[in-house]
Amino acid sequence: MFSRARIRLTLLYTAVFLACFWAFSIGLYAWTERSFEVEVGEKMMQRPALKGAGADLGEIVVDINETALDELKSGLIALNLLLLLIIPALSWLLTGKALEPVRKAHEMQRQFVSDAAHELRTPLTILQGEMEMALNMERTPEDYRAVLTSGRQEILRLSDLAERLLFLARHDDSNDRLVFECIDLTDLVSAVLAAHRAPFAAKNLALAFHPPEESVAVEGDQQMLSRLFANLVDNAVKYTAGAGHIAVTIAADEARAMVEIADTGIGIAPDLHEKIFARFTRADASRSETKGYGLGLAICRAIAERHGGAIAVASSLGLGSTFTVTLPRAQSR
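Quick note on my numbering: the sequence shown kicks off at 1235 and runs consecutively.
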C-alpha cells in the first residue's frame, strides 16, 4: 500500500516540478527574446542620421543577441534535461520522508489492534470453554456457581482491558482535556500508599516512604496522577516477592518534582528498559506469568507526558527496579 502511494506521489511531484521548471524556462526565453528585440529597435532609433552605420550596428546587435539567445536556449535545455534526472530522485526521497511518519503510525495501529484482539481472545475463550462444559451435562449447583464465579472474573478482566484501551485512545486524541489543579505530591502519594495497605500486608512487604521536608506542588489532573502512581505501586507489589522491600521517595529542585518508586523485585533486563513502556509489552516470561495486559506502564508514560513530564526506569535482573517520574513543579503565585 505505501509503496504504491509513494510511486504515485513521486510521479505527481515530478510532473508538478518539471511543469513549473519548463514553464519558467519558456517564459524566461520568451522574455529575453522580447527584450533583445526592444533593445535593437531603440539602438536603431538613436542613430537616424547614420543610416548605413545604423544598419551595420543593428546587424551586429542582432547577431550578438541571436548568439546569446542560442546559448540561453542550450543552457535551459541542458538544465531541464539534468532536472529530468534529479527531480524524480529527489521526489522519491521526499515522498519517502513524508510517508514515513504515516507508515509508522499505521504499523503501530495495526500492531495495537492485533495485540488488543489477542488479549480479548483469551478471556473470551475461557468463558466459552467453561460455559460449554457446564452445558454438556447436568452439574451440581456448586459447579454452576464455580463457572459463574470464574466467568465473572473474566468479565471483570475484559472490562478492565476495555477501560485501559479507552484511556489510551483518549490519550491519542489531543482534544481530550485534563482538569489541572495545584496538587501536593506528598498528600497524593500518601493517599495512594494508604490504598495499598492490604496488598502490602498480604505479601508482608516493608514500605519506606520518604516525603520532602517542604511541600512540593505540581499542576495536574488529580485522578490521572493518582492512577499513574497507583500503577507503579501495583507493579512494585506484583513483582516483589514476599518479605521484600519497597521505598517511595519524593524530591524536588527549583523546576521539577521527582517521585521515585524502588523495589527489590525480579528486575528487568537493561535491553528491555525502553520496550516495557510500549503497549501490550511485558518484560519477560517471569513477568508474563502474572495476570496483566502490558498496558500499565504505557498508561503511566501517557499520563506523565500529558503533564509535561517523563518516566524512566533503572533496573537489573534479580536486583529490583526503580521507576522515576519527573513532573514540572507548580509555579508560585
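Backbone N, C-alpha and C fix where the C-beta goes; we use that ideal spot for every residue, glycine too.
A quick note: this is a predicted structure, and the numbers were derived from the prediction, not measured.
Buried or exposed: where does I1321 fall if 16 or more other Cβ atoms within 10 Å of its Cβ makes it buried?
buried
Under 8 Å: do the segment 1428-1435 and the segment 1549-1565 share three or more Cβ pairs, one atom per stretch?
no
Can I1480 and A1470 be called in contact, C-beta distance under 8 Å?
yes
Exposed or buried, V1607, counting other C-beta atoms within 10 Å across all chains shown (16 or more means buried)?
Within the shown structure, residues of the chain are numbered from 1235 to 1567, placing residue 1607 beyond reach of any answer.
Span separating the alpha-carbon of Y1263 from that of F1236
40 Å
What are the boundary residues of the alpha helix (DSSP H) that includes V1467?
First-last of the alpha helix (DSSP H) with V1467: Q1456 to K1472.
Is the Cβ-Cβ distance between L1391 and P1357 less than 8 Å?
According to the sequence displayed, residue 1391 carries Arg and not Leu. Cβ distance < 8 Å, so R1391 and P1357 count as in contact.
With a threshold of 16 other CB atoms inside 10 Å of the CB of S1393, please say whether the residue is buried or exposed.
The residue is exposed, with fewer than 16 neighbouring Cβ atoms inside 10 Å.
Assign R1540 to one of two classes, buried (16 or more other C-beta atoms within 10 Å of its C-beta) or exposed (fewer than that).
buried
Simplified DSSP state of S1259, which is helix, strand or coil
Looking at S1259 - three-state DSSP - the assignment turns out to be helix.
Helix, strand or coil: how does DSSP classify F1251 here?
helix
Return the residue from the list I1495, D1487 and Y1247 that minimises the CA-CA distance to T1474.
T1474 has its Cα closest to that of I1495, out of I1495, D1487 and Y1247.
Enumerate, from N- to C-terminal direction, the unbroken alpha helix (DSSP H) stretches of 4 or more residues contained entirely within the segment 1363-1442.
Uninterrupted alpha helix (DSSP H) stretches at least 4 residues long and entirely within the segment 1363-1442 occur at 1375-1406, 1419-1429 and 1431-1436, given in chain order.
Buried or exposed by the 16-neighbour rule on C-beta atoms within 10 Å, applied to D1421:
exposed
Whole-Å CB distance - L1551 paired with A1503, under 8 Å assumed:
That belief holds up - the Cβ atoms of L1551 and A1503 are roughly 5 Å apart, short of 8 Å.
Three-way DSSP call (helix, strand, coil) for T1560 in this model
strand
Quick check on I1241: buried or exposed, where buried means 16 or more other Cβ atoms within 10 Å of its Cβ?
exposed
Is DSSP giving A1287 helix, strand or coil here?
No answer about A1287 holds up, because its pLDDT of 48 lies below 50 and its placement is not dependable.
Count the other C-beta atoms from every protein chain shown that fall within 10 angstroms of the C-beta of D1497, then say buried if there are 16 or more, exposed otherwise.
Buried, since its Cβ has 16 or more Cβ neighbours within 10 Å.
Quick check on the DSSP output: the alpha helix (DSSP H) that includes R1535 runs from which residue to which?
In the DSSP annotation of this structure, the continuous segment of the alpha helix (DSSP H) that includes R1535 starts and ends at G1530 to R1540.
Which of the three DSSP states is assigned to I1510 in this structure?
helix
Status (buried if at least 16 other CB within 10 Å, exposed otherwise) for R1411
exposed
Using the three-state DSSP reduction, which class does I1320 fall into: helix, strand or coil?
helix
Look up R1490 in the DSSP assignment and give the residues it is bridged to.
P1562
As assigned by DSSP and simplified to three states, the class of A1332:
helix
Kindly indicate which three-state DSSP category T1498 falls into: helix, strand or coil?
Correct three-state label for T1498: coil.
Expressed to the nearest angstrom, what Euclidean distance is found between the alpha-carbon atoms of A1477 and L1441?
10 Å
Under 8 Å, Cβ to Cβ, is there at least one residue of chain C near I1321?
Among the protein chains of the structure shown there is no chain C, as only one such chain exists.
For the beta strand (DSSP E) containing V1547, list its first residue and its last residue.
A1544 to S1549
So what's R1238 in DSSP terms, helix, strand or just coil?
Reduced to three states, the DSSP call for R1238 is helix.
Taking DSSP as the reference, what is the three-state secondary structure of A1481?
strand
Judging by CA-CA distance, which residue of L1395, G1542 and A1536 is the nearest neighbour of A1489?
Of the candidates L1395, G1542 and A1536, the one whose C-alpha sits nearest the C-alpha of A1489 is G1542.
Given this structure, state the Cα-to-Cα distance separating L1328 from T1483, to the nearest angstrom.
48 Å
Mind checking whether A1451 and I1417 have CB atoms under 8 Å apart?
Yes. Within cutoff.
Can you tell me whether T1301 is buried or exposed, with buried defined as 16 or more other CB within 10 angstroms of its CB?
exposed
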